[in-house]
Amino acid sequence: MSFDTVAQAAMVVRKVEDVTHEGQPARAVIASRDYPTDIADLWNAITEKDRIPRWFAPVDGDLSLGGKYQIKGNAGGTVTACDPPRSFALTWEFGGGMSWVEVELAAASDDRTRLTLRHIAPLDDKSEEFWDRFGPGAVGVGWDLSLMGLGWHIETGESNERFAEETWALSDEGKAFATWSSEAWTAASIAYGTAEAAANRAGANTTAFYTGAEAPE
């Protein structure tokens with residue numbers, strides 16, 4: 011089956027917005043795209059522990075409301091909201107930092123479902139330093155990779171093992187995907203109001219991180 015990974019990245023609508031989270035100012039990196047399946051199937055794909063590793067990564071713990079989860083080699087946290095098959099929210103705890111992820115599903119048409127993901131970060135010194143260095147692409151490119159893997163799984167029924175391998179990330183195809191995604195997030199950052207020079211500098215750092223190139227700074 012032909013599967014154009016850059017075309018998959020182009021299916022994502024990207025935005026950055028100022029938001030309020032738990033009464034405090036925060037910033038949301040937002041990614042949205044449609045999938046060729048119904049809402050029940052997409053909900054199952056993103057919430058069933060046996061199915062999640064087929065497009066994302068293995069997850070241990072309790073995925074019910076109030077449960078604690080741990081993604082293998084990545085973040086852990088608590089499921090803070092769950093409204094099947096429409097939405098869930100969780101804390102995203104990684105490297106000593108805390109942010110939040112919200113996922114919503116909605117019917118886009120009779121046979122397509124829209125997934126919208128919001129990754130929300132506080133406007134504290136640590137988060138702002140990270141933003142200045144990498145911009146929205148730091149998390150955005152990673153989520154684009156996940157949404158692409160989900161697209162592969164939904165369209166083929168297969169797991170995304172070849173995209174999860176480090177060798178793919180450093181292949182020409184993997185680098186092209188990461189570069190395209192990083193540039194798209196740079197454009198979203200500029201649309202949000204980031205100065206163009208600062209957004210481009212952060213985008214270059216993100217591209218270097220995901221492609222294994224030498225960072226410009």
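Sequential numbering from 11 applies to the sequence shown in my numbering. All C-beta atoms in this analysis are idealised placements derived from N, C-alpha and C, irrespective of residue type, glycine included. Note that the coordinates shown come from a computational prediction; the quantities given were computed from them, not determined experimentally.
Taking the C-alpha atoms as reference points, what is the distance between residue i and residue j?
i: S169; j: W65; result: 6 angstroms
i: I49; j: P95; result: 7 angstroms
i: A207; j: D72; result: 43 angstroms
i: D60; j: G147; result: 29 angstroms
i: G150; j: G167; result: 25 angstroms
i: W195; j: K78; result: 30 angstroms
i: P132; j: E58; result: 29 angstroms
i: L52; j: E138; result: 34 angstroms
i: E165; j: V16; result: 16 angstroms
i: N241; j: P68; result: The structure shown does not extend to residue 241, since the chain is modelled only from 11 through 227, so no value can be given for it.
i: S181; j: V113; result: 30 angstroms
i: F219; j: T177; result: 15 angstroms
i: G107; j: D142; result: 16 angstroms
i: A19; j: P35; result: 29 angstroms
i: S12; j: S97; result: 31 angstroms
i: T221; j: M21; result: 21 angstroms
Of all the options the options, which has the alpha carbon lying nearest to the alpha carbon of residue i?
i: G213; options: D135, G76 and F140; result: F140
i: E171; options: I130, A20, P63 and V29; result: P63
i: A186; options: I164, V113 and T217; result: T217
i: D93; options: S109, G86 and L115; result: L115
i: G105; options: D120, Y220, G86 and V111; result: G86
i: T126; options: V23, S12 and Q18; result: V23
i: R211; options: A198, Q34 and P226; result: P226
i: K82; options: P46, D70, V29 and I200; result: D70
i: R37; options: N84, S12, D120 and D135; result: D135
i: I40; options: V29, G33 and R143; result: V29
Leaving aside the five residues before and after residue i along the sequence, list all residues of the same chain whose C-beta is less than 7 angstroms from its C-beta, in chain order.
i: T90; result: A99, L100 and T101
i: H163; result: A55, R64, W65, S169 and N170
i: A209; result: G145, T196, S199 and I200
i: E183; result: T15
To which residues of the same chain is residue i closer than 6 angstroms at the C-beta, ignoring the five residues directly before and after it?
i: D44; result: A118, R122 and R124
i: L75; result: V89 and C92
i: V111; result: L100, W102 and H129
So what does residue i bridge to, in DSSP terms?
i: W102; result: S109
i: S181; result: DSSP output for S181 lists no bridge partner at all.
i: H31; result: Q34
i: E114; result: S97 and T126
i: S119; result: R122
i: Y5; result: Within the shown structure, residues of the chain are numbered from 11 to 227, placing residue 5 beyond reach of any answer.
i: P132; result: A36
i: V26; result: V39
Within a Cβ cutoff of 8 angstroms, which residues of the same chain sit near residue i, ignoring the five residues on either side of it in sequence?
i: G5; result: Not covered by the structure: residue 5. The range shown for the chain is 11 to 227.
i: A201; result: K25 and V26
**Message:** Between the segment 186-195 and the segment 142-157, can you find at least three pairs of beta-carbon atoms closer than 8 angstroms?
**Reply:** Touching, yes.
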